[in-house]
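Enquirer:
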Amino acid sequence: MRPTVRGPKAIITAALVLACAAGLLIPLHASLFPDNGGYVRTVIFARPRGSMPGYYIVVDEVHSPAPWIPVELLFHGYGNLHVDGQMASWQAGRVSLNLTVATPAVSITKHAGKVYHSDQNETLEYVKVTPLQSGPCTVVTVLFPNNGSYSAPVVVTTTTGAGIAVHVGDRDVLLINNNPGTTFTH
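In our numbering, the protein residues as written are 31 to 216.
(1) Which of helix, strand or coil does DSSP assign to D202?
(2) Taking contact to mean 3 or more Cβ pairs, one atom from each stretch, closer than 8 Å, check whether the stretch 168 to 177 and the stretch 105 to 125 are in contact.
(3) Could you tell me the alpha carbon to alpha carbon distance between E155 and G107, rounded to whole angstroms?
(4) From which residue to which residue does the beta strand (DSSP E) around V169 run?
(5) As an exercise, report each continuous beta strand (DSSP E) stretch of at least 3 residues that is fully enclosed by the stretch 100 to 130, in chain order.
(6) List the endpoints of the continuous beta strand (DSSP E) containing A142.
(7) Does DSSP put P161 in a helix, a strand or coil?
(8) Give a single yes or no on whether A182 has its beta carbon closer than 7 Å to a heavy atom of the ligand COA.
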């Protein structure tokens, strides 16, 4: 028959075992599921003058908690997904959603998965946008929903002394300051 440990000695032993297990599991959990370093998202709806339909500009100021953890942004849409360089588009019949990352240089990869918190059991294609630079950055994305009557506007960026100018089409310019967290103008 084996002796059993009871009393304060058993409590101390159990506490030590739990402390060791927690000490091993907490760093493991943190490395498998890293916390984000913080982000600020600004969404602007731009309605140009003239006949061109409106579009969205999404400005994400993102920070990674550590240099070796990449920043990743996910964008979901409905329809068939096509990825080409800094652009992606979903096509569902005559309706499309065009996504263009204006700045910085990114890698856009195609993925498929279930829709989070959806009652429907369907798999949809989405894109993962990963900036090629490490560290904090500002990701500017133009989303252009379309019913087939217009093509997506050309998005061009230029660098100015104060920051970045994002030209959407031939008339709209969004100015983004070099300092994250500061204002931008449209």
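All C-beta atoms, glycine included, are put in the ideal place defined by N, C-alpha and C.
Expert: Quick look at the numbers:
(1) strand
(2) yes
(3) 7 Å
(4) C167 to N176
(5) 103 to 106, 110 to 114 and 117 to 122
(6) V136 to K144
(7) DSSP places P161 in strand when its eight states are reduced to three.
(8) As far as ligands go, the structure on display features none, and thus does not contain the ligand COA.
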